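Asks: Just dropping this structure here.
Protein chains in written order, with the numbering used here: chain V, 36 to 146; chain H, 337 to 451.
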């Protein structure tokens with residue numbers, strides 16, 4: 036299973052765009068990239084998933100370069116409520132796309 | 337998205353007792369459910385994969401006789417922590433995989449405290 040590496044923590048002010056990059060050098064052909072958000076004492080919440088290029092939904096964008104060895108989660112205009120831990124996972128369809136959680140990135144948004 | 341529930345949301349028990357945690361997929365059938373454990377300020381660690389109608393597959397280092405998993409129906413999996421000890425205190429999270437597209441949805445978690 037591909038291992039992921041993310042920054043341990045990031046700080047941002049309200050209203051700014053936040054980009055969190057995840058490295059997954061050993062990603063396999065069948066692997067997808069999925070990002071989850073987790074608040075304290077809650078289960079992870081799905082944010083976005085992609086295979087290549089760019090994916091956008093109502094809460095975030097996911098940028099994946101051609102070699103797929105990294106990906107960047109982009110959160111536009113963050114608010115205080117976006118303070119959470121963000122996990123990048125790499126997995127294939129058979130594993131449900133999300134089995135091995137890395138350490139995640141703890142994002143702190145301040146006024 | 338699909339909804340997964342867990343019950344109870346938190347439980348406190350005495351050392352040596354057994355505790356059962358339920359994980360339900362509310363609006364879909366889940367042939368596979370996963371159980372995770374999360375210690376404070378740590379990441380989720382996969383404990384086992386539960387398949388409906390068959391024995392669970394445990395990750396290395398997880399004692400199958402201590403953490404009993406039953407997946408008797410397509411909407412319910414249970415995790416029983418037997419003879420719980422204080423070191424078993426943790427946040428237990430389940431997830432369920434949607435058969436149609438293999439997406440995984442997580443439950444809200446169960447906080448177990450063993451005194």
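We put the beta carbon where it would ideally sit given N, CA and C, even for glycine.
What you are looking at is a predicted structure, and each value in this text was computed from that prediction instead of being measured.
Below 8 Å on the Cβ atoms is my guess for residue 75 (chain V) versus residue 442 (chain H); work out the distance and round it to an integer in Å.
Replies: Wrong, their Cβ atoms sit about 14 Å apart, outside the cutoff.
Asks: In the structure shown, what three-state DSSP assignment does residue 423 (chain H) receive?
Replies: Of the three classes helix, strand and coil, the one that applies to residue 423 (chain H) here is helix, per DSSP.
Asks: Does DSSP classify residue 116 (chain V) as helix, strand or coil?
Replies: Correct three-state label for residue 116 (chain V): helix.
Asks: For residue 103 (chain V), which of helix, strand or coil comes out of DSSP?
Replies: Correct three-state label for residue 103 (chain V): coil.
Asks: Kindly examine the ligand SAH and report whether one of its heavy atoms sits closer than 7 Å to the Cβ of residue 378 (chain H).
Replies: The ligand SAH is absent from the structure shown, which contains no ligands of any kind.
Asks: What residues of chain V sit near residue 427 (chain H), judged by a beta carbon separation below 8 Å?
Replies: Ordered by position in chain V, the residues that pass the 8 Å Cβ test against residue 427 (chain H) are 76.
Asks: Would residue 443 (chain H) count as contacting chain V if we go by Cβ distances under 8 Å?
Replies: So yes, residue 443 (chain H) belongs to the interface.
Asks: Determine, for residue 143 (chain V), whether the minimum Cβ-Cβ distance to residues of chain H falls below 8 Å.
Replies: No, residue 143 (chain V) lies away from the interface with chain H (no Cβ there is under 8 Å from its Cβ).
Asks: So, for residue 382 (chain H): in the same chain, excluding its five sequence neighbours on each side, which residues have a beta-carbon less than 7 Å away from its beta-carbon?
Replies: Closer than 7 Å at Cβ, skipping near neighbours: 370, 372, 395.
Asks: Hey, is the segment 102–117 of chain V in contact with the segment 40–58 of chain V, meaning 3+ C-beta pairs nearer than 8 Å?
Replies: Touching, per the Cβ criterion.
Asks: Look at residue 341 (chain H) and residue 411 (chain H) and say whether their C-beta atoms are less than 8 Å apart.
Replies: No, these two residues do not count as a Cβ contact at 8 Å.
Asks: Could you compute how far the alpha carbon of residue 93 (chain V) sits from the alpha carbon of residue 143 (chain V)?
Replies: Taking the straight line from one Cα to the other gives about 21 Å.
Asks: Kindly list the residues whose CB is nearer than 6 Å to the CB of residue 427 (chain H), restricted to its own chain and excluding five residues on each side of it in sequence; keep chain order.
Replies: Closer than 6 Å at Cβ, skipping near neighbours: 374, 445, 447.
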